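For reference, the structure is listed below as structure tokens.
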Amino acid sequence: MRQRARPRGRIIKSFDGPPCPGCGCATEVRKYERIGPKQLMRPLYYSRWYCCMNKHYRTTLIMPEEFKVRTHDPPNGSELLS
Numbered sequence: 095m096r097q098r099a100r101p102r103g104r105i106i107k108s109f110d111g112p113p114c115p116g117c118g119c120a121t122e123v124r125k126y127e128r129i130g131p132k133q134l135m136r137p138l139y140y141s142r143w144y145c146c147m148n149k150h151y152r153t154t155l156i157m158p159e160e161f162k163v164r165t166h167d168p169p170n171g172s173e174l175l176s
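The opening position of the sequence shown corresponds to residue 95 in this note's numbering, with each subsequent residue numbered one higher.
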């Protein structure tokens, strides 16, 4: 039986994340091994996220706002008027 390969660039930080808001099961804390050019080209990315371990629950990724990183500053009002 072949094992699934771990996605490159992502690591499991710990297995003691907060409970899943939908089903209450345990979650893993995951993060990028290093932030690369792929993440920096996007308008935003998440530095960490939680992964629900319940295989029967539909939602697997939980992306809290506290881990959201914006790479491009949103335009302010003066730039929109000119």
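Think of the CB as a built atom: it goes at the ideal place given N, C-alpha and C, for glycine as much as any other residue.
Bear in mind that the values here come from a model prediction, so they are computed numbers and not experimental data.
ask   = Which full runs of the beta strand (DSSP E) of 3+ residues lie inside the region 103-155, going along the chain?
value = 104-108, 121-126, 138-140, 142-146
ask   = Buried or exposed: Cys114, going by 16 or more other Cβ atoms within 10 Å of its Cβ?
value = Only buried fits Cys114, as 16 or more other CB atoms lie within 10 angstroms of its CB.
query = Cβ of Thr153 within 8 Å of Cβ of Gly130?
reply = no
task = Output yes or no for whether 8 Å exceeds the beta carbon distance between Glu122 and Met147.
result = It is a contact, given that the beta carbons lie within the stated cut-off.
Distance, Pro137 Cα to Phe161 Cα = 14 Å
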